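First residue of the sequence shown? That's 155 in the numbering used here, and the numbers climb one at a time after it.
Notes to accompany the following structure.
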Amino acid sequence: MTTTVAAPATAAPVAKAKVRRGWTQHGLLFVGPFLLIYLAFLVWPTILGFQMSLSSVNIAGGNNHFIGFDNYAEAFADPRMWRSLWNTLVFTVLSTIPLVLLGLVLALLVHNVRFVQWLWRLSFFGPFLLPSAVIAILWLQMIYPPDYGLLNGTLGTDILWLGDPSTAMWSIVLTTVWWTVGFNFLLYLAALQSIPTHLYEAADIDGASGWDKLRSITLPLLRRTTVLIVVLQLVASLKVFDQIYLMTGGGPQDATRPIIEYAYDVGFTGYRIGYASAVSYILFVLIVIVSLAQLRLFRKREEVAS
């Protein structure tokens, strides 16, 4: 009779630990290059920027020394900083609402139109692929000129859209909505196409109207996508810079200057890199607070809905 000797009870856990260790090592090999780039170009500049915000560093020279939170104290007492921050918040509110709602409406229309759907997708998403310089030239040279612009020609007016403080911000918002709504549209369209069709078929059997299906099926199933779009849009709007800098330069009378442009001006025009870093970190904290508040708000709504 042949006697079979059973393997030790610890053999299987040891083998699993070796396999797990091997997977970990291979994973680090793949993640390592990205981790190094992430640390070198994001984490380290973030730490260095905060360090600069606590100093009197000036690119024009001079004595660079640690001054603590003096730059932050000066920023909070600076009316120009508050004006630029207010402009940023106004732009965020005026642009986020139509960008989210219009993106949803366009996605619903294209999703329900089967005729040359690819053409509609390309038409709505196409402007988003253009760089900001092209968008600025297009609207500056063709849409907003007071004497021969398309907008004044259509309305029969002679309004200085970008030259009047009362209309400049609205003009920037209009340009931004036309330019970037395609991104939100595409996210909503992808989410709509992932909704199971049998839900709508069951609703049709029950005699539900189009509004009932939209309110009871479509919008609830788009809630997570809406959360994502709102957070991304808020962050993008709070970081607005390109189109305003190219189209108005922050004018007229600082009516459109956002906080990033103010930080750029004091840092690269006024050479006060330390103070500009402090202004930038004030915006960073604001973005974090807004993002966390939005996520918490939508999470509470999901808990109540469930």
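Just so you know, even glycine gets a beta-carbon here, dropped at the ideal spot from N, CA and C.
Computed from a predicted structure; not experimentally measured.
Exercise. My guess is that Y416 and R234 are in contact by the Cβ rule of under 8 angstroms, so how many angstroms apart are they, rounded?
Worked result: 6 angstroms
For this session: Please work out which residues of its chain come closer than 8 angstroms, Cβ to Cβ, to N212, disregarding the five sequence neighbours upstream and downstream, and give them in chain order.
Result: N218, Y425, R426, I427, G428
Exercise. So D224 is in the alpha helix (DSSP H); what residue range does that whole segment cover?
Worked result: 224 to 230
Exercise. Can you tell which of I251, F230, T321, V389 has the C-alpha that lies nearest to the C-alpha of A430?
Worked result: F230
For this session: Report the three-state DSSP secondary structure of S209 (helix, strand or coil).
Result: strand
For this session: Decide yes or no for the touch test of the stretch 190 to 199 against the stretch 391 to 401: beta carbon pairs closer than 8 angstroms, at least 3 of them.
Result: no
Problem set entry | Complete alpha helix (DSSP H) runs within the stretch 380 to 451 (minimum length 4 residues, chain order) | 396 to 401, 413 to 418
Problem set entry | Alpha-carbon to alpha-carbon, A344 and E355 | 20 angstroms
For this session: Sort K367, N225, T200 by Cα distance to S209 and report the nearest one.
Result: N225
For this session: Using beta-carbon positions only, say whether I289 and N338 come within less than 7 angstroms of one another.
Result: no
Problem set entry | Three-state secondary structure (DSSP) of M155 | In this prediction, M155 has a pLDDT of 47, which is less than 50 and means its spatial position is unreliable; nothing more can be read from the coordinates.
Exercise. Under a three-way DSSP split, which group does F220 fall into?
Worked result: strand
For this session: Taking only the alpha-carbon atoms, compute the straight-line gap between F245 and N306 and give it to the nearest angstrom.
Result: 23 angstroms
Exercise. What do you reckon, are the CB atoms on Q295 and V385 nearer than 7 angstroms?
Worked result: no
Exercise. Just reading off the alpha helix (DSSP H) that W293 is part of, what are its end residues?
Worked result: It is not in any alpha helix (DSSP H) - W293 carries neither H nor E in the DSSP assignment.
Exercise. So, do the stretch 308 to 326 and the stretch 400 to 416 have three or more beta carbon pairs nearer to each other than 8 angstroms?
Worked result: yes
For this session: Just the C-alpha distance for R455 and L375, rounded to the nearest angstrom, thanks.
Result: 13 angstroms
Exercise. Applying the criterion that 16 or more other CB atoms from any shown protein chain within 10 Å of the CB defines a buried residue, is Q205 buried or exposed?
Worked result: exposed
For this session: Please go through the stretch 307 to 366 and give each complete alpha helix (DSSP H) segment of 4 or more residues, from N-terminal end onward.
Result: 319 to 347, 351 to 359
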